[in-house]
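Chemist:
Number of protein chains: 2
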Amino acid sequence: MTSSTIAQQLASKQREISVAEFFERNRQILGFDNPQRALLTTVKEAVDNSLDAAEEAGILPEIEVEIAKDGTDRLRVAVTDNGPGILRREIPNVFARLLYGSRFHAHRQARGQQGIGISAAVLYAGLTTARPAKIISKVAEEEGAHLLELSIDIQKNAPRIVSEDVTLWDRAHGTRIEMILKARYIRGRQSPLEYLRGTAIVNPHARIVLTEPDGTRITFERATETLPPLPRETLPHPYGLELGELGSLLRGSRRPSLVEMLTKDLGGVSPRVAREVLAGAGLAASAAPGSVDGPAQERLLSALQSASLLAPSSDCLSPIGPLLIKRGLRNVLGEVRPEFFAPPVSRPAKVRGGFPFLVEVGLVYGGGLPVDQPVQVLRFANRVPLLFQQGACAITNAIGSMDWRRYGLDQKGGSGLPTGPALILVHVASTKVPFTSEAKEAIAEDPDIDREVTLALQGAARHLKAHLSRKSRRAFASEKFAIIQRILPKLAEKTSGLVGRPVPDLTPVITRIMDVVTVEPVLGTEKTGRTGSLEITNYTPRPRILEVFVEGPPEELRTAAFEPAPEGSDADLGRYWWTLPKLMPNGRTRLSLRFPAGIEVDANDLDLYVAGIDEGHLLGADALPGDWEVRLPRAIVEAAEAAEAQGGVKESEEEVDYDAEETSARVADDE
Amino acid sequence: MTSSTIAQQLASKQREISVAEFFERNRQILGFDNPQRALLTTVKEAVDNSLDAAEEAGILPEIEVEIAKDGTDRLRVAVTDNGPGILRREIPNVFARLLYGSRFHAHRQARGQQGIGISAAVLYAGLTTARPAKIISKVAEEEGAHLLELSIDIQKNAPRIVSEDVTLWDRAHGTRIEMILKARYIRGRQSPLEYLRGTAIVNPHARIVLTEPDGTRITFERATETLPPLPRETLPHPYGLELGELGSLLRGSRRPSLVEMLTKDLGGVSPRVAREVLAGAGLAASAAPGSVDGPAQERLLSALQSASLLAPSSDCLSPIGPLLIKRGLRNVLGEVRPEFFAPPVSRPAKVRGGFPFLVEVGLVYGGGLPVDQPVQVLRFANRVPLLFQQGACAITNAIGSMDWRRYGLDQKGGSGLPTGPALILVHVASTKVPFTSEAKEAIAEDPDIDREVTLALQGAARHLKAHLSRKSRRAFASEKFAIIQRILPKLAEKTSGLVGRPVPDLTPVITRIMDVVTVEPVLGTEKTGRTGSLEITNYTPRPRILEVFVEGPPEELRTAAFEPAPEGSDADLGRYWWTLPKLMPNGRTRLSLRFPAGIEVDANDLDLYVAGIDEGHLLGADALPGDWEVRLPRAIVEAAEAAEAQGGVKESEEEVDYDAEETSARVADDE
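From first to last, the protein sequence lines stand for chains G and Y. For the first sequence, my numbering gives the first residue as 11, with consecutive numbering after it. For the second sequence, my numbering gives the first residue as 11, with consecutive numbering after it.
1) Roughly how many angstroms separate the alpha carbons of Y/A321 and Y/P241, rounded to a whole number?
2) For the alpha helix (DSSP H) containing G/Q386, list its first residue and its last residue.
3) With distances taken Cα to Cα, identify the nearest neighbour of Y/W414 among Y/G469, Y/T273, Y/A48.
4) Using a Cβ-Cβ cut-off of 7 Å, state whether G/S411 counts as contacting chain Y.
5) For Y/T221, I'd like the list of residues in its chain whose CB is within less than 6 Å of its CB, leaving aside the five on either flank, ordered along the chain.
6) Per DSSP, G/T589 is paired with what?
7) Taking Cβ positions, are Y/P353 and Y/V374 nearer each other than 7 Å?
8) What is the rounded straight-line gap between the Cα of Y/G278 and the Cα of G/K192?
9) Does any C-beta atom of chain G lie closer than 7 Å to the C-beta of Y/G657?
10) Which whole-angstrom value describes the C-beta separation of G/Q119 and G/N341, a residue pair presumed to lie in contact below a C-beta threshold of 8 Å?
11) Use the C-beta contact count for G/L333: other C-beta atoms within 10 angstroms, 16 or more gives buried, fewer gives exposed.
12) Please list the partners that G/Y110 has in chain Y, where partner means a Cβ-to-Cβ separation under 8 Å.
13) Let's test the definition: count the other Cβ atoms within 10 Å of the Cβ of G/K79 and tell me whether it reaches 16, buried, or not, exposed.
14) So which residues of chain Y does G/S447 contact, with C-beta pairs closer than 7 Å?
15) Going by DSSP, name the residue or residues bridged to Y/L379.
16) Roughly how many angstroms lie between the CA atoms of Y/Q383 and G/L478, to the nearest whole one?
17) Assign G/V659 to one of three DSSP states: helix, strand, or coil.
18) Excluding the 5 residues preceding and the 5 following Y/V53 in the sequence, name in chain order all residues of the same chain whose CB lies nearer than 8 Å to its CB.
19) I'd like to check one pair, Y/V526 with Y/A631: are the Cβ atoms closer than 7 Å?
20) May I have the straight-line CA-CA distance separating G/Q247 from Y/T51, to the nearest angstrom?
21) Can you find a CB in chain Y that lies within less than 7 Å of the CB of G/E72?
22) Kindly indicate which residue of Y/V519, Y/G122, Y/E243, Y/T82 has the alpha-carbon position closest to the one of Y/F491.
23) Report the start-end ranges of each alpha helix (DSSP H) in the region 233 to 270 of chain Y that is 4 residues or longer and not cut off at the edges.
24) Between which residues of its own chain and Y/Q421 is the CB-CB distance below 6 Å, once the five residues before and five after are set aside?
25) If you run the structure through DSSP and keep just helix, strand and coil, what is G/N92?
26) According to DSSP, what are the bridge partners of Y/D175?
27) Run through chain Y and tell me which residues come within less than 8 Å of G/I96, C-beta to C-beta.
28) Identify, in the order they occur along the chain, each residue of the same chain with its Cβ nearer than 6 Å to the Cβ of Y/V659, setting aside the five sequence neighbours on each side.
29) Which of the three DSSP states, helix, strand or coil, is assigned to G/L624?
30) So which of Y/T464, Y/I39, Y/A471 has the shortest CA-CA distance to Y/N407?
31) Are the region 283 to 297 of chain Y and the region 323 to 331 of chain Y in contact at 8 Å, needing three or more beta carbon pairs?
32) Tell me which residues of the region 236 to 270 of chain Y have at least one Cβ-Cβ distance to chain G shorter than 7 Å, keeping chain order.
33) Tell me, please, which residues DSSP counts as bridged to Y/S543.
34) Determine, for G/D420, whether the minimum Cβ-Cβ distance to residues of chain Y falls below 7 Å.
35) Less than 6 Å between C-beta atoms, sequence neighbours within five positions excluded: which residues of the same chain meet that for Y/A670?
36) Give the C-beta separation of Y/I434 and Y/V385 to the nearest angstrom, bearing in mind that I take them to be a contact with Cβ-Cβ under 8 Å.
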């Protein structure tokens, strides 16, 4: 057999592969590897579509998921929504044709973007049970609902209408899909229940009802009646655009001139910048977009990417927001009651490959979370929980690449998932999330996403570190305090007895040895109401002029009444501060605060900082971080200078040095 | 805005998405996330195609990979092969159309199966540099070579011929593709070099030359002139076939009758079984395949899947084999020189979802491998190294789900990658590998694959455990031996001096205390040649009749000359055994062995077992495993009985018990 006949043989086998045929063979790529995962993927694709459609129509989503037995290894899955409904002519393609959809070409955050999901479920149902999917859909202005039975012609990737009818449906509008598939129902990890619970956490405006195969009904009630703002459609941003993409945009543009094309087909380019860019690339502003040849396209792209453009508008994104992240975590944790909620971090929008994205992180610690297990990770992309492929996800990788030992968690070798009683929530929102596969279960590695997730994690981790070191310092100093208060009087009594003298007053001695300022927050827990106080006591042997800083969730703190009123504040950051009256040795003073009803704040939400004394002499608060741009009041500086001039109040050189440092700028120890 | 107008608005946005458009937007799914990975994927797709084509044509592959700079962030990649060449009419579709190929519909192990890879590289090159790919291909019987410049029409997913020519090429046949793409060259992890090295390990019949951007040439020479047998095309096997697939096969069949369809379109169904199955399903053997309706298809599938069919033939698969796995590992480890090579495990072929697959595992331990790092994992699918997505791969997951602490490796919490100086190679070969994405970087979770990988790993791990426990027993006993030989004489000397008596002969006492039989293998290392011996010494206080067993690589041991000749052997398993002459206390005997030149065996390849004495009294060998079906020679049984009849030779009851147990059947402690 010669090579040529081989070449001919090989050629005779060359064939086009339909995309449906490809995914039928590679159904694991779409998330249909096994009956359990196939069920989850089916529910997920249907519910994601329902949420997208309702939100786009400005309707508060109301979704019903029914899962019922249908033979030994088959389930009937029906998902019904109150969305706007689908026009008759679109129904077959929407449900029975892969790579067909309305959101692929729109630059806006959406759950579904690929035009694959629900048709893949129909494909899988047909493959495993040979039964068509049953669709009912009704739009508001039509009397009847359309009822279609659909399957997919695999070789052609085209819908096949098995039956069709118009029927009455007791709904104003909405869509229902019902499929019979080889599937297995479980609860617990990676189950429809877990997926719907996660969905409810980050979509508190949706009401979702699940009926399980045994008839159990589980309802996730709406936590808010307000729809999140609908993300606006945006234009591709030049940062990260590839040459080939720019070429397509130029060829496809209907604008009469280059300057119009740059300002109206791209995001972030003002007319002035467009003219500068075109001049820089040696192109005429009035030239037709289609006339730009290869080398000129390269010049244009490079001029665009080195110009200083407007950042992408983030209104194409729909972040969850710190408040809902916190409320969501509280919901999911329920009985676990963690001891510490780090203030959720919401990073500003960035661009990668022309698409805006942003990252949000929540972190909780302690309480009933397991101590000797890897931390729990809740991953979300565009408000959809990611339940599979944790090990392949950029989120997990970013967590594993940080050295958590520096923030107080155990971590073998300083990489991989840390161990400890913590839970980390990460949400990546983007007009285009780079998933590792069509099953949309993990986010692909990307340096820009990695950087933003890492920065957000570090922000949350710094709060964790502060909490843990505060906790351990508090524990250490309290222990010391207790020992001194117990032992010293006994010692004095014994010694006095031995030498036959009266027992002296030990207060100044104890103060001398303790040498701390204590800050005790007494904030009412959720049960006892929202009033509280900070009690500050000077257990050091000299008078102190101190500044106290309270930092917490800005929205909640805006509602607080403080007594006395703060001396200054940065309400956007949630920072408030006071200069206390001069505190003599053993002197004590108090700040009180009160929140109106309905505001959820607890002691863990407040960070306390004190300036005017160094960290080593503080109990119950932290020294003011060096990166806070807060001007130290003149009074503190003067007091320090006076103390130094007097040669100190019988303090050791070292201590005076400490305090002198205190008044100078500090460098934060975290990066 | 009413719901209906919303429905119309949404409808107006519905569009078909071309598969090229989809992958342009989701290039990370194809392995083109970033410039470094894009380069690797491009090289991989081209080389995999070249290997497949050459092997299919029965040509020993000769592949040249040239990577050169082309501007600041661009590389020119050219891959040239000596394959059969591609006919002119197929060139555009093969290189510039996604989902087009010759191997998708063939049931046979191949590297490329999807018809996506190389066109995806052309797509990426066009996207990032707007430059067409340059193809030259020549088939043996044509005078000239075809030279085409190609790009992809994204909206249509169709090839666009930029230029075309016929040229002279100084080769009998072959193909060359050259692309310019945004890419970054690195060495080290996840680099083209690592990929080509891995490829060379499992494709020792290929010669591969890499030219790096700085001009360095690296050649992987052929290690064998023998092509692996070309996997044969097979038919879909009914086990694991889905209902929808059976339906497609029935509809698409050109056979005149059901009985012919079952026997000729499916694998494993004999005419007799086909008739039984059809009778069981209530179908006529002569009925036309296309006439079988839905319910009858269900009956037919269920009858097929409960029938006892022939196992799938494994000649559609191309395993690497134990010899090449070992040789490959030796190559890749080079200077590391591990202390232990577990005999590679090659599992028999199994079926999942109608597709045959098999699993091979190699494991090495110790030497220069790092002690405090997670074990290294080398993953291969159809002889292609998998370099990315390790965390998402069924192979990694199977490794992480085993409790390696039971086999002597550290593993936090008994799950996850174990820690220790080990390297594990796993190869999954199948007519259809279920990859997690089109980038083919990780194998999807699957219970059948998981089971086979786990069984293979356990096989290798048991050898590791045996090695480690032998090592620690040896270390413990040697230590004991050393202490006794050092301390006892001193003690005797001192005591004799004190009581004024001559120092007694301590040999019998030492023997009494040591109470071991030692086996010392002295096998020449690779440098000193392949001769060696086993020295067996009886340091117990009574005569011993022992059987010695040597187990090792069957092919190599078949060539060995033993002196004295073995009493028995199972050459297929690589087992040889001897009954030694009666060894008196302090007696010693020797077995010697010699290999002809060119046979690679070292001491680590041989496992030594002894029967006739229990494990606790053995140093340098293991007790005979209980699951070896080797009949104990009568002599040993008699000796044991005689010893018992005589009331033992002044041994404690306990020790006699030990030895009595020895002669009875044993149960292996591993599952």
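For each residue, glycine too, the CB sits at the ideal point set by N, CA and C. What you are looking at is a predicted structure, and each value in this text was computed from that prediction instead of being measured.
Modeler: In terms of the structure at hand:
1) Numbered from its first residue, the second sequence carries residue 321 of chain Y at position 311. Numbered from its first residue, the second sequence carries residue 241 of chain Y at position 231. Those two C-alpha atoms are separated by around 17 Å.
2) On the first sequence, residue 386 of chain G is found 376 positions in, with the first residue counted as 1. Run containing G/Q386: none in the alpha helix (DSSP H); it sits in the beta strand (DSSP E), 386 to 391.
3) What you label residue 414 of chain Y is simply residue 404 of the second sequence in a count that begins at 1. It is Y/G469.
4) Taking the first sequence and counting its residues from 1, the one referred to as residue 411 of chain G is at position 401. No, G/S411 does not count as interfacial toward chain Y.
5) Indexing the second sequence from 1 puts residue 221 of chain Y at position 211. Contacts found: E76, R227.
6) As a working mapping, residue 589 of chain G is identified with position 579 in the first sequence. G/T589 is bridged to G/E557.
7) Mapped onto the second sequence, residue 353 of chain Y falls at position 343. Mapped onto the second sequence, residue 374 of chain Y falls at position 364. With respect to Y/V374, Y/P353 sits apart: the two C-beta atoms are not nearer than 7 Å.
8) Stepping through the second sequence from its first residue, residue 278 of chain Y is reached at position 268. Stepping through the first sequence from its first residue, residue 192 of chain G is reached at position 182. Looking at the two C-alpha atoms, the distance is approximately 25 Å.
9) Sequence index remark: in the second sequence, residue 657 of chain Y carries index 647 (1-based). Residue placement at Y/G657 is flagged as unreliable, the pLDDT there being 48, under the threshold of 50; the coordinate-derived value follows with that caveat. So no, Y/G657 is outside the interface.
10) Stepping through the first sequence from its first residue, residue 119 of chain G is reached at position 109. Stepping through the first sequence from its first residue, residue 341 of chain G is reached at position 331. That belief does not hold up - the Cβ atoms of G/Q119 and G/N341 are roughly 23 Å apart, past 8 Å.
11) To locate residue 333 of chain G, count along the first sequence from 1; it is residue 323. So G/L333 ends up on the exposed side.
12) Working through the first sequence from its first residue, we reach residue 110 of chain G at position 100. Going along chain Y in sequence order, the residues near G/Y110 (Cβ under 8 Å) are Q24, R25, E26, I27.
13) Taking the first sequence and counting its residues from 1, one reaches residue 79 of chain G at position 69. G/K79 should be labelled exposed.
14) Taking the first sequence and counting its residues from 1, the one referred to as residue 447 of chain G is at position 437. Chain order gives the chain Y residues near G/S447 as I39, T446, S447, where near means a beta carbon separation below 7 Å.
15) One-based indexing of the second sequence puts residue 379 of chain Y at position 369. Y/L379 is not bridged to any residue.
16) Along the second sequence, read from residue 1 onward, the residue named residue 383 of chain Y stands at position 373. Along the first sequence, read from residue 1 onward, the residue named residue 478 of chain G stands at position 468. C-alpha separation (whole angstroms): 29 Å.
17) The residue you call residue 659 of chain G lines up with position 649 of the first sequence. Model confidence at G/V659 stands at a pLDDT of 41, short of 50, so the residue's coordinates are unreliable and nothing is read from them.
18) Locating residue 53 of chain Y in the second sequence gives position 43, counting from the first residue. Result list for Y/V53: V75, I77, V87, V89, P202, Y205, L206, in chain order.
19) The count along the second sequence starts at 1 and reaches residue 631 of chain Y at position 621. The count along the second sequence starts at 1 and reaches residue 526 of chain Y at position 516. Y/A631 is not a Cβ neighbour of Y/V526, given a cutoff of 7 Å.
20) In the first sequence, counting from the first residue as 1, residue 247 of chain G sits at position 237. In the second sequence, counting from the first residue as 1, residue 51 of chain Y sits at position 41. Strictly speaking, residue 247 of chain G in this sequence is His, with Gln absent from that position. Between G/H247 and Y/T51, the C-alpha separation is close to 27 Å.
21) On the first sequence, residue 72 of chain G is found 62 positions in, with the first residue counted as 1. Judged by the 7 Å Cβ criterion, G/E72 is not in contact with chain Y.
22) In the second sequence, residue 491 of chain Y corresponds to position 481, counting from 1. Here the closest residue by C-alpha is Y/V519.
23) Those alpha helix (DSSP H) runs which fall completely within the region 233 to 270 of chain Y and span 4+ residues are 253 to 262.
24) Numbered from its first residue, the second sequence carries residue 421 of chain Y at position 411. For Y/Q421, where only same-chain residues beyond five positions count, the Cβ hits under 6 Å are W414, R415, P428.
25) Start at 1 with the first residue of the first sequence, and residue 92 of chain G comes out as number 82. It is coil, neither helix nor strand.
26) By 1-based counting over the second sequence, the position of residue 175 of chain Y is 165. For Y/D175, which the question treats as bridged, DSSP gives the partners Y/L157.
27) Looking up residue 96 of chain G in the first sequence gives position 86. Correct list: A17, L20, A21.
28) For the purposes of this step, residue 659 of chain Y is identified with residue 649 of the second sequence, where counting begins at 1. Residue placement at Y/V659 is poorly supported in this model, since its pLDDT is 40, which falls under 50; the coordinates are not used for a value here.
29) Along the first sequence, one-based indexing puts residue 624 of chain G at 614. One point to set straight first is that residue 624 of chain G is Asp, not Leu, in the sequence displayed. Residue state, collapsed to three classes: coil.
30) For the purposes of this step, residue 407 of chain Y is taken as residue 397 along the second sequence, with counting starting at 1. Selected option, being the one with the closest Cα: Y/T464.
31) no
32) E252, L253, G254, E255, G257, S258
33) For the purposes of this step, residue 543 of chain Y is taken as residue 533 along the second sequence, with counting starting at 1. Its beta-bridge partners are Y/V532, Y/S602.
34) As a position in the first sequence, residue 420 of chain G is number 410, starting the count at 1. At a cut-off of 7 Å, the C-beta of G/D420 has no neighbouring C-beta in chain Y.
35) Mapped onto the second sequence, residue 670 of chain Y falls at position 660. Here Y/A670 scores only 33 on pLDDT, less than 50, and its place in the model should not be relied on; the value that follows carries that caveat. No residues qualify anywhere along the chain.
36) Numbered from 1 along the second sequence, position 424 holds the residue referred to as residue 434 of chain Y. Numbered from 1 along the second sequence, position 375 holds the residue referred to as residue 385 of chain Y. Contact holds; Cβ gap of about 6 Å.
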